[in-house]
Every structure is written in structure tokens, then in C-alpha cells.
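Residue numbers for the sequence shown follow the UniProt record's numbering, beginning at 1 and rising by one. Just below is one structure, and these are the notes that go with it.
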Amino acid sequence: MARSSHGSLQQEQLDNSHQGGQKKPEKMDMIAAQLSAGYNAMLERILHGAAMPVANATDSYWMDSPPFPEVNLNKHSLPDLADYVIIGTGITGLAATKTVLEISQDQHTEMPLRVVALDARDVCSGATGRNGGHIKSAPYKDFAFLKEQLGSVDKAKSVLKFMLSHVGYLKEVGRQIPQGEVRDVETVDMFLEQKDFDMAKKQVDDLKTNMPDMTINVWSGHEARKKAQFGYNDFIVGAISYSAGAAFPFRLVTGAWKALVDRYPELVLLSNTPVEDISVAANSAQHPYAVRTSKGTIRTRHVLHATNAYAPHLLPRLQSSLTGRRGCMSAQESGDKFPATQGNRSWKVVYDPGFDYVTQRPNNKDGSSGDVMVGGGFRQGKLGGLDQIGVWDDSKRDALPLAHVSGIMPTVFQPNWGGGKSPTAGSLKKDWTGIMGFTGDLLPFVGPLSQNITGRRNTYRGAGVPGPYGSGDRLEREDPFANDGFGERPTFREQNPPEEAERPVSRFSLLRSKLFTPKSQRRSRVGYISDDESTIYQRPATALSSCTKKGKKRGFLASLFRRGKKRSRDEYEDEYYQHEQKEETLASVGRASTVVEPIFSKSLPLNFLFVGCPSSGQTSLLYRIRYGYFADVTMFWASA
């Protein structure tokens, strides 16, 4: 700053300095105003912008050259009636359909289930066909998160074990569908900031203290850089490695759909059939739900929502609890300099408050390295990513997240990136976007839908198979998950469910309190009595609570079925309907009353919503749902 001959500041310079000091607060005010406007715009989108999937979505790499195009042929027309309508054909819709069909296949009746699976676009064209191919849970981070959310080390351990078990289940499916590329991988979390790495190391120590059998390795920055198979540069201050899985999700799921269609001729799989509305059908006790689609209306006994982020479109009261978020994905060519992995490694680049996720496909037939699948960059969007929340349109691409995703691999791997004979080595091959489902407290939501959620008056209560048909031997069926620790999870499958941890109140958690059993409620013969004794909340009828309590010990699933003489569908429904007229009506405000398929021996709630965890937009339902009520804190499967 200029001075006079006497060494003092000139008045002009003092004035300019004063003006410069005034500009700084003005700039901060402008930034604050922009953030406030962005936040308000986000809330407006969340609360009023839910929409169906758009027809012209970006082209996903995973969906190129589909090996099972017949799943989109729509060989059947939309029927008038169904037992189950399942909305969504991603991995959750597949899991629900597969479970409904397989659990009933041994029935000794002439009543094949009428199951209809619908998708607004091509089969598996939503989040499952657009994600990163991970089958992964970060055990050290998830354990810390679960301890805080559940308030119990034991609960956190049980849920974490459940989360980690899904690699094995998917590998079992993958053995039948080799195109799905399901495989074990060593996954490596790479840290760019020392403070983030230090926090992660503390979480690893805590995890090993509570679960000493957990195998997880911590590498300092120097150690990680020395490992030739890692190939990182000095931007990486540390790394943590452990076991996980990876897959080609679109081919895995469409291959499984083809197998289901081939195995169950009655299954109706309809793509490009968006559901426009669901209502209660007038004068239709047998099929109380009317599902209106672009191809007509179908009446059904049960509706299962497997639409992930798009659920609020059909369930508007979920708008304050669940929203869509647009994510960025890419396929990149690594080049010959990249460490050889044969597709057996995945990565995560960690930087608070975000991360990028990376898998690599197995080697090509000519021996060249498989493509590297890179997603993330969410926090690099406008206003820290606020512009990507409350968004259901995956027809658009976003420049800022894409610029980050395109540059993160050469940034952390150079000089071990690119190179070789291919002129495109180290470059971007394709990019696309997809919509993920997010809840306010970042926990999944799985459970029966009450009138408070659907906005529909559900006055019909299904009685399952009526009392007169309760005699006779029940069909014994081996439970394939009897010894996997499934019952250790804190769910309402237990006869005396544990108290749920208090969850923080947020704009997106308004719905959740309605799904938990209030701690202070007393139990009655039929359910729980509210504090003012004015309302009976019917306890969820689950697979376990439906089991017989007398007689010889039976298998876990045995009590769901009965053995009896063969009856036609018409005979069965006539008998069922006549008995139903005698059933008393129970007040049920806390959850929905629904019609239940009469092949089951007890009433089971099946008006369900399935929404996955934040890192995936999918759920851990594959081969798992057995018609019970699952507390949403137990359902995790990180597979983004």
C-alpha cells in the first residue's frame, strides 16, 4: 500500500482499504443467499416434484448388448386379476417375485399364483441397471454408524453380519448366471486426507475389539504406495482393505428374470407399463386393489412397491420421508499401466464429506484389462450437490460431477494409468446418470403400508386360510436359511421384539415413527394398546408369529402352508370368501389391513414398500423376505 513521504498511509488508500473490507461481508451474504435459495429449491422439489421414470433416460453402459432381450418381449397381455402385482423389476422386484413364487411352489392345490411384475421402462432399467456393480459394506464405518443409530453393540454386530452375508447369496445366484460376473474382490478404501484416515483407523480398532474375527487390513500411505499391486501415488495418505464382491448387475438380474419366466409360465412380466395410480376397488373383497397402468387396470389381492426413489409418485405421503437423488456413473479404459487385477479388486476414494466408488470388470477374452467403472462426484455438483437432490430425471447429465469422476483415477494412480497400444487408453468410454432413493436419516425403509402412508382407506382384512381348514398335516419344508443367524437380527420376526433405538427427528423421518412399536404401549390379545387406550394397533403377523405353538417342533416355514385336497381356484375362493364374511373387523390405524392369499395358514401383511440403503438404492431382500415385518434398521445391502 502506497505511503506519503512521512511514512503514513495516504487518505485515498485508506478509503480503498475500507471499501475492500465492506465487499467481503457482501460476498458472504451473497453466498449465504445462494445456499439458502438452493436449499429451499431442493425442499420444493422433494415435497412436490416426485415423478415417474422418464422415457428417454441416458444410455447405461451396463445395458448395452443385453444377453437376455426376451425379458422385454411382453409375451402376455395385462390380465384383469392377479394375486400379486409387483411394481419395479430391479433387484428388489426380482427378489420379491422370486420369493413369492418359490415359497408357494410346493402347494398341493391347483392354484398357481397369478403374479404380475410391471416396469415403467425396460426390465431392470432403473438404479440396478445404472449403479457401480458393488456388493460391498464398509464394515468399520457401518459398525460405527449402526452403534450410534441402534444404541447397542450387539444389535450393530448382528446387523453387520447380515450385511456381510450377501456376497455369498449373490454368488450362489451368479453360479447359475455366469453373465452376471458375480465374484469375490479385495476392496481398498483410499484416503486423501489424514484426518479422515485417522478417524477410519479408530473405527477399525473399535470393530476389531468387538468383532475380533473380522479380517481387515490398515496400510499407511508409505505401505500402500510400496505395494505394487495397489499402484497409488503420494496423494493417498493411507488405505484400508477387506473382502467384498462385485457383479454385472443388469445381466445378473435380467438373467434371473429369464429363468423365472421360463420356470413359471403363469408369471406375467410387462416392461414399458408404467403404473399411474392405485386405488381401492369398489365391491371387490377378493381383489381390493385397482392398479391403473398405461395398458389398462388390473385388480389384485396384494401390491408390492419395489420402485425405490420413485415410490413417492404412487405414495405421495412419502414425499417428506423419501426422495430421489441423481448420481453420475462412467466406464473408463484403464490402459496397460494400470495394476493388473483380473477384475478381483474394487476401490473407494474417500474425502470428507464424499467418496467415489470403483470396480473393474474381469479381463477380456483377448487378455486385455476389463473396463473400470467409476461413479461418485456427488459433492462436486452445484451448492455441494444440493441441485442433485429431489431429482427423478435421469435423462440429463451433469458436467461438474462428470468432470470429477473423469479425473479421479488418473489423479490418484498416475503414472500408473493409461498407456499401451490402444489410442483410447486412460480415457472415458461412456457416462450416464441414475436415480437413487434416499431417506432423511440414511436408513432403509422396508415394511407394510398403512392408510397413513397410502392415503387409501383399506377396510378389508384378509383372514388367510379360514379356521375350518386349519386341520390336517402341514407341509414340511426345509428352511434354507435356518442356520445363517437370520433370527439374530433385531426384527419383528421375534416373538418379543427388542425396543428400537430412538431415531433423530428430521424432515425425512416423519414416517418412521409410525413403523416402530411404541415403547410405552401395553400388549393386548390382538396387538398393542395406545397410551390413551383408544386404539388397538394390530401387531404385524409374521412368519414366526404364525407358527404353531403346540405339537411337534416344525420347520421355520412349515406353518405357512397346509396340506389338503386339491381344489380349483374357484372352489377355494368361494370357500374363502364365505368364511371371510364371518370374520370380525379389527381397528387398525397403525398399519394397513390387506387381503392375504388363501394358500397361507395365517394372515400375513403383503402391501409392502421396499426401499434400499443410501449407498445403493436397493435392498437386501434377495432370497430373504419371507412375508414378515422387518424393522427398517435391519435392512442394509451396500451395492452401489
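Glycine included, every Cβ here is placed at the ideal spot set by N, Cα and C. Because the structure is a prediction, the values reported are computed rather than measured.
* Decide if the segment 364-383 is in contact with the segment 328-339; the criterion is three or more beta carbon pairs, one per stretch, under 8 Å apart. => They touch, by the three-pair rule.
* Asked: Alpha carbon to alpha carbon, what distance is there between V159 and residue 725?
  -> Outside the displayed span of the chain (1 to 640) sits residue 725, for which this structure offers no information.
* **DSSP state of A399 mapped onto helix, strand, coil** => For the purposes of this step, residue 399 is taken as residue 399 along the sequence shown, with counting starting at 1. Looking at A399 - three-state DSSP - the assignment turns out to be helix.
* **Own chain partners of Q229 with C-beta closer than 7 Å, once the 5 adjacent residues on each side are dropped** => In the sequence shown, the residue the question calls residue 229 occupies position 229. Contacts found: P339.
* Drop a sphere of 10 angstroms on the beta-carbon of H166, count the other beta-carbons inside from all chains shown, and report buried for 16 or more, exposed for fewer. => Taking the sequence shown and counting its residues from 1, one reaches residue 166 at position 166. Classified as buried, H166 has 16 or more neighbouring CB atoms from the shown chains inside 10 Å of its CB.
* Assigned secondary structure, V188 (DSSP; H/G/I helix, E/B strand, else coil) -> Working through the sequence shown from its first residue, we reach residue 188 at position 188. Strand.
* Asked: So, T433 versus D387, is the Cβ gap smaller than 8 Å?
  -> If you number the sequence shown from 1, residue 433 lands on position 433. If you number the sequence shown from 1, residue 387 lands on position 387. No, the Cβ-Cβ distance between T433 and D387 is not below 8 Å.
* To do: Grab me the residues of N72's own chain with a C-beta within less than 6 Å of its C-beta, minus the 5 sequence neighbours each way, in chain order.
  => By one-based count along the sequence shown, residue 72 stands at place 72. Within the same chain, N72 has close Cβ partners D122, V123, S271.
* **Burial state of V291, where buried means 16 or more other Cβ atoms lie within 10 Å** => Translated into positions along the sequence shown, residue 291 becomes position 291. Result: buried.
* To do: Count the other C-beta atoms from every protein chain shown that fall within 10 angstroms of the C-beta of N40, then say buried if there are 16 or more, exposed otherwise.
  => Start at 1 with the first residue of the sequence shown, and residue 40 comes out as number 40. Under this definition N40 is an exposed residue.
* **Segment limits, alpha helix (DSSP H) that includes G221** => Locating residue 221 in the sequence shown gives position 221, counting from the first residue. Segment 221-226, the alpha helix (DSSP H) holding G221.
* To do: Can you give me the Cβ contacts of S284 inside the same chain, cut-off strictly under 8 Å, excluding the 5 residues immediately before and after it?
  => Against the sequence shown, residue 284 aligns to sequence position 284. Within the same chain, S284 has close Cβ partners A290, R299.
* To do: Enumerate in chain order the residues of its own chain whose CB-to-CB distance from V204 is below 8 Å, with the five nearest sequence positions on each side excluded.
  => Taking the first residue of the sequence shown as position 1, residue 204 is located at position 204. Only Y140, I216, V218, I240 meet the Cβ criterion.
* Beta-carbon contacts of F355 that lie in its chain and below 7 Å, excluding the five residues immediately before and after -> Here residue 355 refers to the residue found at position 355 of the sequence shown. Only K348, V349, G376 meet the Cβ criterion.
* Proximity winner among V412, S427, A425, relative to V188 (alpha-carbon distances) -> Position 188 of the sequence shown, counting from 1, holds the residue named residue 188. For the options V412, S427, A425, the alpha carbon positioned closest to that of V188 is the one of V412.
* P401 and G381 look like a contact to me (Cβ under 8 Å); what is the Cβ gap, rounded to whole Å? -> Working through the sequence shown from its first residue, we reach residue 401 at position 401. Working through the sequence shown from its first residue, we reach residue 381 at position 381. Correct: roughly 5 Å between the Cβ atoms.
* Bridge partners - L428, DSSP secondary structure assignment -> Mapped onto the sequence shown, residue 428 falls at position 428. DSSP lists Q332 as partners of L428.
* Asked: From V100 to L260, what does the alpha carbon distance come to, in whole angstroms?
  -> Numbered from its first residue, the sequence shown carries residue 100 at position 100. Numbered from its first residue, the sequence shown carries residue 260 at position 260. Spanning the two alpha carbons is a distance of roughly 11 Å.
* **Nearest candidate by alpha-carbon position, reference S137, set R114, L164, Q149, V153** => Taking the first residue of the sequence shown as 1, we reach residue 137 at position 137. Relative to the Cα of S137, the nearest Cα in the group R114, L164, Q149, V153 belongs to L164.
* **Between the CA atoms of I435 and M42 - distance to the nearest angstrom** => In the sequence shown, counting from the first residue as 1, residue 42 sits at position 42. In the sequence shown, counting from the first residue as 1, residue 435 sits at position 435. Taking the CA atoms as reference points, M42 sits about 15 Å from I435.
* Integer Cβ distance of E148 from A247, believed to fall under 8 Å -> Taking the sequence shown and counting its residues from 1, the one referred to as residue 148 is at position 148. Taking the sequence shown and counting its residues from 1, the one referred to as residue 247 is at position 247. In fact, because the Cβ distance is near 30 Å, the residues do not count as touching under 8 Å.
* Roughly how many whole angstroms lie between the Cα atoms of E500 and F197? -> By 1-based counting over the sequence shown, the position of residue 500 is 500. By 1-based counting over the sequence shown, the position of residue 197 is 197. Interpretation of E500 is limited by its pLDDT of 37, a score under 50 that renders its predicted location unreliable; the figure taken from the coordinates is listed afterwards. Between the alpha carbons of E500 and F197 lies a distance of about 31 Å.
* To do: Identify, in the order they occur along the chain, each residue of the same chain with its Cβ nearer than 7 Å to the Cβ of K258, setting aside the five sequence neighbours on each side.
  => The sequence position of residue 258 within the sequence shown is 258, counting from 1. Excluding residues within five positions, the ones whose Cβ falls inside 7 Å are F68, E70, V71.
* **For S246, the residue or residues it bridges with in DSSP** => Against the sequence shown, residue 246 aligns to sequence position 246. Inspection of the sequence shows that residue 246 is occupied by Ala rather than by Ser. For A246, which the question treats as bridged, DSSP gives the partners H134, R183.
* **Burial state of I31, where buried means 16 or more other Cβ atoms lie within 10 Å** => Along the sequence shown, one-based indexing puts residue 31 at 31. With fewer than 16 other Cβ atoms within 10 Å, it is exposed.
* Would you check if the distance between the CB atom of V54 and the CB atom of D83 is smaller than 8 Å? => Counted from its first residue, the sequence shown places residue 54 at position 54. Counted from its first residue, the sequence shown places residue 83 at position 83. No, the Cβ-Cβ distance between V54 and D83 is not below 8 Å.
* If you compare alpha carbons, which of A311, L442, L428, Y242 is closest to V275? -> The residue you call residue 275 lines up with position 275 of the sequence shown. With respect to the C-alpha of V275, the residue from A311, L442, L428, Y242 having the closest C-alpha is A311.
* Asked: Can you tell me the Cα-Cα spacing of R45 and L315, whole angstroms?
  -> Mapped onto the sequence shown, residue 45 falls at position 45. Mapped onto the sequence shown, residue 315 falls at position 315. Answer to the nearest angstrom: the Cα atoms are 16 Å apart.
* Does the beta-carbon of H134 have 16 or more other beta-carbons within 10 angstroms, so that it is buried, or is it exposed? -> Working through the sequence shown from its first residue, we reach residue 134 at position 134. Counting the other CB atoms within 10 Å of its CB gives H134 a total of 16 or more, which places it among the buried residues.
* Among L192, N131, D213, E266, the one whose alpha carbon lies nearest that of E102 -> As a position in the sequence shown, residue 102 is number 102, starting the count at 1. Here the closest residue by C-alpha is E266.
* Around the C-beta of S346, are 16 or more other C-beta atoms found within 10 angstroms, so that it is buried, or is it exposed? -> On the sequence shown, residue 346 is found 346 positions in, with the first residue counted as 1. Of the residues assessed, S346 falls on the buried side of the cut-off, its CB having 16 or more other CB atoms within 10 angstroms.
* Asked: Which partner residues of T433 appear in the DSSP bridge assignment?
  -> To locate residue 433, count along the sequence shown from 1; it is residue 433. In DSSP, T433 forms a bridge with C328.
* Report back the beta-carbon spacing between F438 and T323 to the nearest angstrom; my notes put them in contact at under 8 Å. => In the sequence shown, counting from the first residue as 1, residue 438 sits at position 438. In the sequence shown, counting from the first residue as 1, residue 323 sits at position 323. Right, their Cβ atoms sit about 6 Å apart.
* Return the CA-CA distance between H287 and R301, expressed in angstroms with no decimal places. => Residue mapping note: residue 287 aligns to position 287 of the sequence shown, counting from 1. Residue mapping note: residue 301 aligns to position 301 of the sequence shown, counting from 1. Going from the Cα of H287 to the Cα of R301 covers about 4 Å.
* Asked: Which of helix, strand or coil does DSSP assign to Q229?
  -> Counted from its first residue, the sequence shown places residue 229 at position 229. Note: Q229 maps to coil in three-state DSSP.
* Nonlocal neighbours in the same chain, by C-beta distance under 6 Å from W62, ignoring five residues either side -> Locating residue 62 in the sequence shown gives position 62, counting from the first residue. Residues G129, F250 of the same chain have their beta carbon placed closer than 6 Å to that of W62, with the five preceding and five following residues left out of the count.
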